[in-house]
Amino acid sequence: MQSGSREGFNYLYKNYSSVLYGVIFKVVLDEDTAQDVLQEGFVKIWNNIAQYDATKGRIYTWILNICRNAAIDKLRSKGEIMKRKIQKGEHIVDNLANTRKTEQQTDTIGLRAMVAGLKPEYEAIVDLAYYKGYTMDEISKTLSVPLGTVKTRMRAAMQQLRQKFDV
Amino acid sequence: MNAQDYISSGLLEAYVLGSLPFSEMEQVAGAMCRFPEVKQEIDSLESMLLAAAEKDAVTPPRALEESIWAAIQNALTIQQTNTSEKGSTMAIPLEENFERLAEKDAPKTIALSGKTGIGNWARAAVWVALVGSLVGNYSLWNGRNNDKQEVAVLQQKMQGMSADQTALNDKIARYTKEAEMAAQPGIQPIAMLSTQPGHPMAATFYWNKAKHIAFVSVQKLPPAPEGMQYQLWAIVEGKPVSLGMMDNSVVANGGMQRVPDAVMAGQIFCVSLEKEGGNPSPTADKIYLMGKMPA
């Protein structure tokens, strides 16, 4: 893959595109934007793959984070955050409907929906961190809870998710 | 912080969710090198997120594959023309690449303003190229910043690793010494275990009965508080006999020391926490470790 050929791209695309697209979509919640971001993400991956260092972590995580970060950047640059905050109550329902429309092969409910199944205060934290790219400090300010509580809830939420995934 | 502190701190969760500020990110990266348990926990959290992402997978529209490939080819061509001009290859570091591009842009702009005879199309084309190049520079600059962060993280990791290695070497030396000690003829090892439920503590007492010499090796014992010291005892026919004091630094580093006094006899050996310098008899509720001479 690091040789930069078309076969390499095909491999990358075949194996990762739907997972990456899924995550990007969860962030930007718009199909056209998600497609743009996926393209940006792939170009970024392609240009930097020579610099990917296997000792630093799994390539899968690396790739996923490139795309997730690109999606969060896009979301921020569009000033979407304020809008989403207002829509907060609706977006999960909205998102599920959208997901059903676009998904052809998903038979299980993923992280977003699982997150939705968590306690509300936990849900908000994972959502803000993973899908909105908030730092803990920002989360603490946004939800008006102390930083220590953010950490505790973050851990509790992840433990709860981990049990569900049985990892 | 030790490995368990990291695991229960919530920092690792924040790390994999990408919501740590840079300074703490470095801290976690360092901890990941020092403690295998921390790395394992992070791996496991990442696996969970990947598994979750897989369940969230959505197939993108079919046409997207070709358009992405075209975008990649396009980006590649831009890179090649940008770099081939100076006869360099794509392998040059991003930082250098960035500076080369910056140099290259300057004369281009001057040439543009100097010539008045170019047509609008050519002018537009140059502007497009210029804007493209600026966008390119920005993304290179971004990339360079990412690289810098990565370098910092790696440096942190390296530091952690070399500290690890020193600690590991010390540990190995200690274990070797201990293994040799235990293997000596006439040495009786006695495991001393915690007497305080819920507080796992342990040390090993090595007694050479014939020579009346003993050593004590600390496996796990909390550091003695200010003004306190651990005292060693032998219980001889039901009566405690002091064997001397333990060195606080040995306790803190989990090392081994010679038992100060001669060990003439004993059926039970214990360690209690006493005031600095010791007491004539052990404080009953401060006896932390106890081990029986095997029958």
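Same order as they appear, the protein sequences are chains V and E.
Under the numbering used here, the residue at position 18 of the first sequence is numbered 18, and the numbers go up by one with no gaps.
Counting the second sequence from 1 gives a position; the numbering used here is that position plus 1000.
C-beta atoms are modelled at their ideal positions from N, C-alpha and C, and glycine is treated no differently.
Residue burial is scored here from C-beta neighbours: residue 1230 of chain E has at least 16 other C-beta atoms within 10 angstroms and is therefore classed as buried.
Residue 1019 of chain E is a Cβ neighbour of residue 129 of chain V, given a cutoff of 7 Å. Close partners of residue 1046 of chain E in chain V (Cβ separation under 8 Å): 57, 58 and 61. Of all residues in the region 1064 to 1080 of chain E, the ones placed with a Cβ closer than 9 Å to any Cβ belonging to chain V are 1064, 1065, 1067, 1068, 1069, 1071, 1072, 1074, 1075, 1076 and 1079, in chain order. Distance from the CA of residue 1138 of chain E to the CA of residue 1218 of chain E, rounded to the nearest whole angstrom, comes to 57 Å.
For residue 1274 of chain E, the pairing in a beta bridge is given by DSSP as E:1229.
Just measuring C-alpha positions, the residue of E:1249, E:1233 and E:1157 sitting nearest residue 1207 of chain E is E:1233. Listed in chain order, the positions of the region 1051 to 1065 of chain E with a beta carbon within less than 9 Å of a beta carbon of chain V are 1051, 1052, 1053, 1054, 1055, 1056, 1057, 1058, 1059, 1060, 1061, 1064 and 1065.
For residue 1195 of chain E, the closest C-alpha among the options E:1064, E:1262 and E:1289 is that of E:1289. Collapsing the DSSP output to three states places residue 1293 of chain E in coil.
Among the residues facing chain V, residue 1198 of chain E is not included, as its CB has no counterpart in that chain under 7 Å away.
For residue 25 of chain V, the enclosing alpha helix (DSSP H) starts and ends at 6 to 28. Judged by DSSP in its simplified three-state form, residue 1256 of chain E adopts strand. In terms of Cβ geometry, residue 1075 of chain E and residue 43 of chain V form a close pair [threshold 7 Å]. Boundaries cannot be given for residue 135 of chain V, as no beta strand (DSSP E) includes it and DSSP labels it neither H nor E. Residue 1264 of chain E counts as exposed, since fewer than 16 other C-beta atoms from the protein chains shown sit within 10 angstroms of its C-beta.
Non-local beta-carbon contacts of residue 1032 of chain E in its own chain, meaning distances under 7 Å to residues more than five positions away in sequence, involve 1038, 1039 and 1042 in chain order. Identification of residues in the region 1014 to 1027 of chain E having a C-beta nearer than 9 Å to some C-beta of chain V yields 1014, 1016, 1017, 1018, 1019, 1020, 1021 and 1024, given in sequence order. For residue 1267 of chain E, the secondary structure class from DSSP, reduced to helix, strand or coil, is coil. For the C-beta of residue 1010 of chain E, the chain V residues within less than 9 Å are, from N- to C-terminus, 136, 148, 150, 151, 152, 153, 154, 155, 156 and 158.
Going by DSSP, residue 152 of chain V is part of the alpha helix (DSSP H) stretching over 147 to 165. For residue 1256 of chain E against residue 1216 of chain E, the beta-carbon gap comes to about 7 Å, under 8 Å, which counts as contact. DSSP assignment within the region 1174 to 1248 of chain E yields the following whole beta strand (DSSP E) runs of 3 residues or more, N-terminal first: 1187 to 1194, 1202 to 1208, 1213 to 1220, 1228 to 1236 and 1239 to 1245.
For residue 52 of chain V, the secondary structure class from DSSP, reduced to helix, strand or coil, is coil. Going by DSSP, residue 73 of chain V is part of the alpha helix (DSSP H) stretching over 59 to 77. Under the Cβ criterion (8 Å, minimum of three pairs), the region 1152 to 1167 of chain E does not count as touching the region 1268 to 1275 of chain E. The C-alpha of residue 9 of chain V lies about 16 Å from the C-alpha of residue 64 of chain V. Pairing residue 1053 of chain E with residue 18 of chain V gives a Cβ-Cβ distance that is not under 7 Å. For residue 1210 of chain E, the closest alpha carbon among the candidates E:1226, E:1142, E:1059 and E:1188 is that of E:1188.
For residue 65 of chain V, the chain E residues whose C-beta falls within less than 9 Å of its own C-beta are 1018, listed in chain order.
The residue among V:140, V:161, V:38 and V:152 with its C-alpha nearest the C-alpha of residue 1007 of chain E is V:152.
About 6 Å separates the CB atoms of residue 156 of chain V and residue 122 of chain V; that is less than 8 Å, so the two are in contact. Contact check for residue 35 of chain V and residue 1061 of chain E: beta-carbon distance about 7 Å, within the 8 Å limit, so the pair qualifies. Going by DSSP, residue 1039 of chain E is part of the alpha helix (DSSP H) stretching over 1036 to 1055. Listed in chain order, the non-local C-beta contacts of residue 25 of chain V below 6 Å within the same chain comprise 34, local neighbours out to five positions each way being set aside.
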